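Asker:
2 protein chains.
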Amino acid sequence: MAKQHIDQDSVFEGVCNLFPNLSDEEKAKMRASFSCMFVRKGEIIYKAGDTPNGLICLSKGKAKLFKEGVGGRDQIVRMAKPVGFIGYRALFAQETYSATAQALEDSVICIIDKDALIDILRNNAELSLHILKSVATELGFSTNRTVTLTQKHIRGRLAESLIFLRDTYGYEDDSQTLKVYLSREDLANLSNMTTSNAIRTLSVFADEGVIELDGRRIKILDNTRLERISDLG
Amino acid sequence: MAKQHIDQDSVFEGVCNLFPNLSDEEKAKMRASFSCMFVRKGEIIYKAGDTPNGLICLSKGKAKLFKEGVGGRDQIVRMAKPVGFIGYRALFAQETYSATAQALEDSVICIIDKDALIDILRNNAELSLHILKSVATELGFSTNRTVTLTQKHIRGRLAESLIFLRDTYGYEDDSQTLKVYLSREDLANLSNMTTSNAIRTLSVFADEGVIELDGRRIKILDNTRLERISDLG
DNA sequence: CTAAAAATATGCTTTATAGCACAAAATAGC
DNA sequence: GCTATTTTGTGCTATAAAGCATATTTTTAG
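In order, the protein sequence lines correspond to chains U and C.
If you use the working numbering, the first sequence corresponds to residues 693 to 925, in order.
If you use the working numbering, the second sequence corresponds to residues 693 to 925, in order.
1) Using a Cβ-Cβ cutoff of less than 6 Å, which residues in the same chain neighbour residue 746 of chain U once the five nearest sequence positions on both sides are dropped?
2) Can you tell me where the beta strand (DSSP E) with residue 771 of chain C in it begins and where it stops?
3) Counting only runs of 4+ residues fully inside the region 828 to 904 of chain C, write out the alpha helix (DSSP H) ranges in chain order.
4) Whose C-alpha, out of C:727, C:763, C:731, is nearest the C-alpha of residue 753 of chain C?
5) Would the beta-carbon of residue 756 of chain U fall within 9 Å of that of residue 794 of chain U?
6) With which residues is residue 792 of chain U paired in a DSSP beta bridge?
7) In or out: residue 744 of chain C buried (at least 16 other Cβ within 10 Å) or exposed?
8) Alpha carbon to alpha carbon, what distance is there between residue 897 of chain U and residue 921 of chain U?
9) Would you kindly check if the distance between the Cβ of residue 882 of chain C and the Cβ of residue 870 of chain C is under 9 Å?
10) Excluding the 5 residues preceding and the 5 following residue 927 of chain C in the sequence, name in chain order all residues of the same chain whose CB lies nearer than 6 Å to its CB.
11) Within a Cβ cutoff of 7 Å, which residues of the same chain sit near residue 723 of chain U, ignoring the five residues on either side of it in sequence?
12) In the DSSP assignment, find the alpha helix (DSSP H) that holds residue 751 of chain C and state where it starts and stops.
13) Between residue 831 of chain C and residue 834 of chain U, which are expected to be in contact by the criterion C-beta below 8 Å, what is the C-beta distance as a whole number of angstroms?
14) If residue 910 of chain C sits next to residue 854 of chain C, beta carbons under 8 Å apart, how far is it from one beta carbon to the other, in whole angstroms?
15) My output table needs one value for residue 707 of chain C: the three-state DSSP class, helix, strand or coil.
16) Taking the beta carbon of residue 764 of chain C as the centre, do at least 16 other beta carbons fall within 10 Å, making it buried, or is it exposed?
17) Taking 9 Å as the CB-CB limit, is residue 715 of chain C close to chain U?
18) Return the residue from the list C:913, C:761, C:785 that minimises the CA-CA distance to residue 792 of chain C.
19) Buried or exposed: where does residue 772 of chain U fall if 16 or more other Cβ atoms within 10 Å of its Cβ makes it buried?
20) Check whether the Cβ of residue 787 of chain C lies closer than 9 Å to any Cβ atom in chain U.
21) Below 7 Å CB to CB, which residues in the same chain sit around residue 846 of chain U once its five sequence neighbours on both sides are set aside?
22) Does the beta-carbon of residue 786 of chain C have 16 or more other beta-carbons within 10 angstroms, so that it is buried, or is it exposed?
23) Compute the Euclidean distance between the alpha carbons of residue 775 of chain U and residue 709 of chain U, then round it to the nearest angstrom.
24) Within 10 Å of its beta-carbon, does residue 906 of chain C have 16 or more other beta-carbons around it, so buried, or fewer, so exposed?
25) If the cut is a Cβ gap below 7 Å, which residues of chain C does residue 824 of chain U touch?
26) Kindly list, in the order they appear in chain C, the residues whose Cβ is closer than 9 Å to that of residue 703 of chain U.
27) Can you grab the Cα-Cα spacing for the pair residue 818 of chain C / residue 727 of chain C, in whole Å?
28) For residue 817 of chain C, go through chain U and note every residue whose CB falls closer than 9 Å to its CB, in chain order.
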């Protein structure tokens, strides 16, 4: 990808919308320690084990966060969409990153310097509580996910992933095609199954008329049935 | 269990130790909206779906937090020890409880009223950040657990659970016996396996000389080997 | 103390899913 | 545009773990 121009100011405004009730002073402080960059499709944003030096925001594009499993099989633990933060868990836990972040498309990411952010948070309890709420919500998703990934059968897990992708990225203009194009392997790593089983089960869903496949394009034809498959496990 | 006397003041002091740097004023406010109660072994502290009306602290005893799975099989998502909070996730996420909390022994729990707590947090960013750190750490555990529960084999999962129980509750005075006495079913629900498989695999570990069994008493004879089993998956 | 219920233990069968091999299609590199 | 590489698709086999039946032991209740 050729180097493109980034309008840092407008990107910064977008990031600020994620923080409610920021004073002008706080905003100025944040702007001063704010930087932007392009990442190309497939590029690693950070690796598990790296130390966070700021709060990263995905301003454009898509990214996956995954952990390497015991048998070499990766587990995707989060799918990031713009505008949203990534890697905040490690930052606030004062730990190294527990997962690796990789861009799924050409993307724009920004970093708010750690010290500036902590400085603001230390004087803004309202904002800290707001972030606490997000992380607590995320923890709920995570424990829920643990149960479904361990207890649902393959069909249920894949159906749940498709619903999750729908809810996260939405549809194209046709109101049916998922606005995210994952490899079968990524779909498998999201749903805790082998690539063969993801391929197989997708085909079965297509045969059943629940979805329509065209390469990585997935059209959801029957949401009711998809949800039933997910719920039954 | 007969109703026993609870020294609320000393229990309160124990709870306060979980909050660093509380001003006298904040402490007084908290004390005023603080209450204690006994719960007997097996009693439900709260159910999934209930609305939290305060921050609950387990001051004495042990408790498990579990979610009902799709096939009726429960998944234990957390083991609580004193002195520590339970149910804080739902409170801070402003959601209903996502898991059910049940006492594993006769226990003492306390409740700090929600409004009083939020009031304190809204004016104490340092404390909010401290809690944010805990929740972020917990989220790290949770995603890690998702991966191990889905990817490790039965032996690895059970070994990991035993290590987890050792690290959480420690040993009896003999420095070998786990200071927690779970049913085989609870052990299975912690490790994402059927009760039969938990029983079977425990017996195998005993045969291999890694642990020693005496009813619910589990003695860890060979920590190195146990950790190897856990790591291999 | 005794009966009933629950928890533990063990063997056998079934099944869901991984693992592997190989072919076809799509994509990327030169 | 053509080769090399990756991704996708499909069938077959192997196996880990669930499911079930039944026996035994332990705990609970009257």
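Beta carbons are placed, not taken as given, at the ideal position from N, Cα and C, and that holds for glycine.
Predicted model, so just to flag it, every value in this text is computed and none were measured.
Answerer: Concretely, from the data shown:
1) Within the first sequence, residue 746 of chain U is the residue found at index 54, counting from 1. Excluding sequence neighbours, residue 746 of chain U sits near 803, 804, 805, 806.
2) Taking the first residue of the second sequence as position 1, residue 771 of chain C is located at position 79. From DSSP, the beta strand (DSSP E) with residue 771 of chain C extends over 766 to 772.
3) 846 to 861, 876 to 883, 887 to 899
4) Counting from one through the second sequence, the residue named residue 753 of chain C turns up at place 61. Out of C:727, C:763, C:731, C:731 has the C-alpha closest to the C-alpha of residue 753 of chain C.
5) If you number the first sequence from 1, residue 756 of chain U lands on position 64. If you number the first sequence from 1, residue 794 of chain U lands on position 102. Contact: yes.
6) In the first sequence, the residue the question calls residue 792 of chain U occupies position 100. Residue 792 of chain U pairs with U:758.
7) Residue numbering aside, residue 744 of chain C sits at position 52 when the second sequence is read from its first letter. When all chains shown are included, residue 744 of chain C counts as buried.
8) To locate residue 921 of chain U, count along the first sequence from 1; it is residue 229. To locate residue 897 of chain U, count along the first sequence from 1; it is residue 205. In a straight line, the C-alpha of residue 921 of chain U is about 10 Å away from that of residue 897 of chain U.
9) Position 178 of the second sequence holds residue 870 of chain C. Position 190 of the second sequence holds residue 882 of chain C. Not closer than 9 Å, so no.
10) Since the first residue shown for chain C is 693 and the last is 925, residue 927 of chain C is missing from the structure and cannot be characterised.
11) Along the first sequence, one-based indexing puts residue 723 of chain U at 31. Cβ neighbours of residue 723 of chain U beyond the five flanking positions: 704.
12) Locating residue 751 of chain C in the second sequence gives position 59, counting from the first residue. Premise fails: residue 751 of chain C lies in the beta strand (DSSP E), 746 to 752, not in any alpha helix (DSSP H).
13) Indexing the second sequence from 1 puts residue 831 of chain C at position 139. Indexing the first sequence from 1 puts residue 834 of chain U at position 142. Going by Cβ atoms, the distance from residue 831 of chain C to residue 834 of chain U rounds to 6 Å, so yes, they are a contact pair.
14) For the purposes of this step, residue 910 of chain C is identified with residue 218 of the second sequence, where counting begins at 1. For the purposes of this step, residue 854 of chain C is identified with residue 162 of the second sequence, where counting begins at 1. At roughly 7 Å, the Cβ-Cβ gap stays under 8 Å, so residue 910 of chain C and residue 854 of chain C are in contact.
15) Counting from one through the second sequence, the residue named residue 707 of chain C turns up at place 15. In this structure, residue 707 of chain C counts as helix in the three-state DSSP scheme.
16) Taking the second sequence and counting its residues from 1, the one referred to as residue 764 of chain C is at position 72. By the neighbour-count rule (16 or more Cβ atoms within 10 Å), residue 764 of chain C is not buried but exposed.
17) By 1-based counting over the second sequence, the position of residue 715 of chain C is 23. Answer no: the Cβ-Cβ gap between residue 715 of chain C and chain U never drops below 9 Å.
18) On the second sequence, position 100 is the one that residue 792 of chain C refers to. The option with the nearest alpha carbon to residue 792 of chain C is C:761.
19) On the first sequence, position 80 is the one that residue 772 of chain U refers to. Buried, because 16 or more other Cβ atoms sit within 10 Å of the Cβ of residue 772 of chain U.
20) Residue numbering aside, residue 787 of chain C sits at position 95 when the second sequence is read from its first letter. Judged by the 9 Å Cβ criterion, residue 787 of chain C is in contact with chain U.
21) Counting from 1 along the first sequence, the entry for residue 846 of chain U is found at position 154. Same-chain partners within the cutoff: 885, 889, 893.
22) Taking the second sequence and counting its residues from 1, one reaches residue 786 of chain C at position 94. Its Cβ having fewer than 16 others within 10 Å, residue 786 of chain C is exposed.
23) As a position in the first sequence, residue 775 of chain U is number 83, starting the count at 1. As a position in the first sequence, residue 709 of chain U is number 17, starting the count at 1. Taking the straight line joining both Cα atoms gives about 9 Å.
24) Reading the second sequence from its first residue, position 214 is the one you call residue 906 of chain C. Under this definition residue 906 of chain C is an exposed residue.
25) Mapped onto the first sequence, residue 824 of chain U falls at position 132. Simply 784, 820, 823, 824, 827.
26) For the purposes of this step, residue 703 of chain U is taken as the residue at position 11 of the first sequence. Chain C residues near residue 703 of chain U: none, gap ~25 Å exceeds 9 Å.
27) Mapped onto the second sequence, residue 818 of chain C falls at position 126. Mapped onto the second sequence, residue 727 of chain C falls at position 35. One C-alpha to the other measures close to 25 Å.
28) Within the second sequence, numbered from 1, the residue matching residue 817 of chain C stands at position 125. 813, 814, 815, 816, 817, 818, 819, 820, 821, listed in chain order.
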